[in-house]
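Residue numbers (the numbering used here), protein chains in the order written: chain A, 1 to 432; chain X, 1001 to 1283.
All residues carry an ideal CB built from backbone N, CA and C; glycine is no exception.
Because the structure is a prediction, the values reported are computed rather than measured.
Structure, as structure tokens:
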């Protein structure tokens, strides 16, 4: 049986809000005075609510009562919105800061990559920086010497290895930094969004490396990213952190589904509040996605048939009736590229809004998206004259499963974004 | 949660750390990093300069010449009958080491905030590296001093004696005192930035309360006790006595400096150790 290599028990982390430097001496004296009388710290009781938005207290719990066991060889993806506490958790694990309460026990050598190329000195050469960076990450000099050649080769900077790092392009610096990290001897690896900085080829290399490492060396990896595609490909299990609390633990697919499910569908209020582009004379109030049978959908499958229902509300009734309505539903991938769009432009009949509110319906047949994570944006306007409302990436969706090709092919997840069917044959009777 | 107590863990992170649990073992494990930091500081210092490591020498030499001109010739302060240049060079070399160590270690956290915020290594490595790289600098400057001493010794102007063997101990004392005070200040500067200004300016003032530009023998009796309270005073006087043959050296003074060094270093380490775990939250 594999043992747990990280055990997190009742861990909380409190941060003080506001300008740290203002009045701290007074606070410190207050605190010392309270301690002297045996009273609890007056400042830790203020911020007991863990809502990040609540500004009533001087303190905030970035993490609250986290309990987690991580097994050897597990690749854990950590998901959560901005400010949910993901990075705080990684910082606690990598000992950059310490918890306010609770304890963390670990087994084995931990290397944390909160940044690539930490401690590079611009005046030193690439070779000198490899030693410096490796030592900062906890390697002994002889360990670095042992794999120096591999590092240089992996980085692809062999030609420039004796040039000061300040002459490197930023991409080369990142490659060099990652090359050092990739050759570290460790049991537990903590990675925080470092993949976000490099170009596509570099990201692919990093991902390949992580998969290889986990498969061959039984390393435990903790990985934070906002790119759900990457998380899904690399990780085996996942957790969701929400408002400083552990909201969900499970295998990676169910975690992502849960995360996306929490983040959007049929939340009318969020659509009304969200600031869109456009003049706002007509507002989109709701977007629903249903399958062919009319049931609400939280995820889509390639090849499926879907109905999009866009509810709208007209603000300025003088405009009615509005003819030449243009509506669009746009799918973008995790990098922000539009991969698919459906539009009223492609239909022949002219749509007109006659009443102050109603629903625009679109039928989409045979969804040609490859499995992955996408966002939906919606657009509402009048021909090309004006934009009423435009909601950018309001709805994250998760495309998976299905049988687009009719032969159980998984559908090129991560290799492409759209799918189409094709016929193939070989004719080798004659030379062309 | 199934906690099998039989399982062993290599590391435990909790909210509080013991008062005296200095991570000495860990510091030893990271000794290569210390060496690399020293190398980095040394190499980065003279990269892209024409004169290179010569700058380590130019600074004390020019200071000495200026002191000779201003304090020796214009103000006419006593130098215990020693050649002016030699007298001031001794003071400048020793004081330079102490003040550099002190000011640099006291900004450990703010200087390394970008590193400390991203990665863990024993924080003590950084101030130790400062002490070590300044020791190299001191070594170069000391060579100049030694050359001047030899020159005057040949001429018969001075008589060095066997107490020169105390030199390593004197350096150790200065390193310990500056490290101790530096650690205390660095632990508190991130929270109270005021201390940084207090220190940089305090070090300048402290030089005048140390027999750098005047000998102890020139001090009126009613002030002498205060100057003697300064733990650097007996160190400089002993240094001058051993290399130049004249100075107000006493074993009691060295004993006082040793006790002071031991106390301030322990206090500094304890405070630093307490503070380092959560330091990044307040920088």
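Could you tell me whether the region 317-325 of chain A touches the region 334-341 of chain A, where touching means 3 or more Cβ pairs closer than 8 Å? no
Option nearest residue 185(A) by Cα separation, candidates 308(A), 220(A) and 417(A): If you compare the alpha carbons of 308(A), 220(A) and 417(A) with that of residue 185(A), the shortest gap goes to 220(A).
Give a yes or no on whether the minimum CB-CB distance between residue 131(A) and chain X is below 7 Å. At least one chain X Cβ lies under 7 Å of residue 131(A).
Please list, in chain order, the residues of the region 305-320 of chain A that have any C-beta partner in chain X closer than 9 Å. Going along the region 305-320 of chain A in chain order, one finds no residue with a Cβ nearer than 9 Å to chain X.
Which runs of the beta strand (DSSP E) fall wholly inside the region 109-142 of chain A and span at least 3 residues, in chain order? Those beta strand (DSSP E) runs which fall completely within the region 109-142 of chain A and span 3+ residues are 110-113.
Alpha helix (DSSP H) containing residue 1033(X): first to last residue? 1031-1046
Which class does residue 67(A) belong to by DSSP, given the choice of helix, strand or coil? The answer is strand: DSSP assigns residue 67(A) an E or B state.
Going by DSSP, name the residue or residues bridged to residue 284(A). 312(A)
Compare the beta carbon distance of residue 1125(X) and residue 1229(X) with 7 Å and say whether it is the shorter of the two. no
Specify the secondary structure class of residue 1223(X) as computed by DSSP and reduced to three states. helix
Residue from 175(A), 103(A), 72(A) and 78(A) whose Cα sits closest to the Cα of residue 115(A): If we check each option's Cα against that of residue 115(A), 175(A) comes out closest.
Is it true that the CB of residue 121(A) sits closer than 7 Å to the CB of residue 1044(X)? yes
Three or more C-beta pairs under 8 Å: does that hold for the region 1241-1261 of chain X against the region 1157-1169 of chain X? yes
Between residue 119(A) and chain X, is the shortest Cβ-Cβ distance under 7 Å, so that the two count as touching? yes
Of all the beta strand (DSSP E) runs that stay within the bounds of the region 144-231 of chain A, which reach a length of 3 or more residues? 188-192 and 220-224
Pull up the CB-CB distance for residue 118(A) and residue 136(A), whole angstroms please, since I reckon it's below 8 Å. In this structure residue 118(A) is in contact with residue 136(A), their Cβ atoms being roughly 6 Å apart against a cut-off of 8 Å.
Using a C-beta cutoff of 7 Å, does residue 1237(X) count as contacting chain A? no
List the endpoints of the continuous alpha helix (DSSP H) containing residue 1187(X). 1167-1189
Exposed unless 16 or more other CB atoms sit within 10 angstroms - verdict on residue 183(A): Buried, because 16 or more other Cβ atoms sit within 10 Å of the Cβ of residue 183(A).
Are residue 1094(X) and residue 1185(X) touching if we call contact CB-CB under 7 Å? No, they are not a contact pair.
Backbone secondary structure at residue 55(A) - three-state DSSP: Confidence at residue 55(A) is low in this model, with a pLDDT of 43, below 50, so the placement of that residue should be treated as unreliable; the coordinate-derived value is given next. Coil.
The ligand COA and residue 1278(X): does the residue's C-beta get closer than 6 Å to at least one heavy atom of that ligand? In the structure shown, the ligand COA is absent, as is every other ligand, since no ligand is present at all.
For the alpha helix (DSSP H) that residue 1273(X) lies in, which residues bound it at each end? It spans 1251-1276 - the alpha helix (DSSP H) in which residue 1273(X) sits, taken as one unbroken run.
Rounded C-beta distance between residue 369(A) and residue 331(A)? I'm assuming under 8 Å. 6 Å
Please report whether the beta-carbon of residue 1278(X) lies at a distance below 7 Å from any beta-carbon of chain A. yes
So, does the CB of residue 359(A) fall closer than 7 Å to a CB anywhere in chain X? Taking 7 Å as the threshold, the shortest C-beta distance from residue 359(A) to chain X does not fall below it.
Should residue 1231(X) be flagged as near chain A, meaning a C-beta pair shorter than 7 Å? Between residue 1231(X) and chain A, the shortest Cβ-Cβ separation is not below 7 Å.
So with CB distances below 7 Å, who are the chain X contacts of residue 140(A)? 1032
What whole-angstrom Cβ distance do residue 397(A) and residue 299(A) have, given they're in contact under 8 Å? 7 Å
Under three-state DSSP, which class holds residue 1244(X)? helix
Boundaries (first-last residue) of the alpha helix (DSSP H) holding residue 357(A): Looking at the DSSP string, residue 357(A) is not in any alpha helix (DSSP H); the run it does join, the beta strand (DSSP E), is 357-364.
Is it buried or exposed for residue 1028(X), if we count other Cβ within 10 angstroms and need 16 for buried? exposed
In chain X, which residues lie less than 8 Å from residue 222(A) when you measure between Cβ atoms? What residue 222(A) touches in chain X: nothing, since even the nearest Cβ is about 14 Å away.
Determine the direct distance from the alpha carbon of residue 237(A) to that of residue 81(A), and round the result to whole angstroms. 18 Å
I need the boundaries of the alpha helix (DSSP H) containing residue 386(A), first residue and last residue. Premise fails: residue 386(A) lies in the beta strand (DSSP E), 386-399, not in any alpha helix (DSSP H).
Alpha-carbon spacing of residue 1076(X) relative to residue 1108(X), whole angstroms: 40 Å
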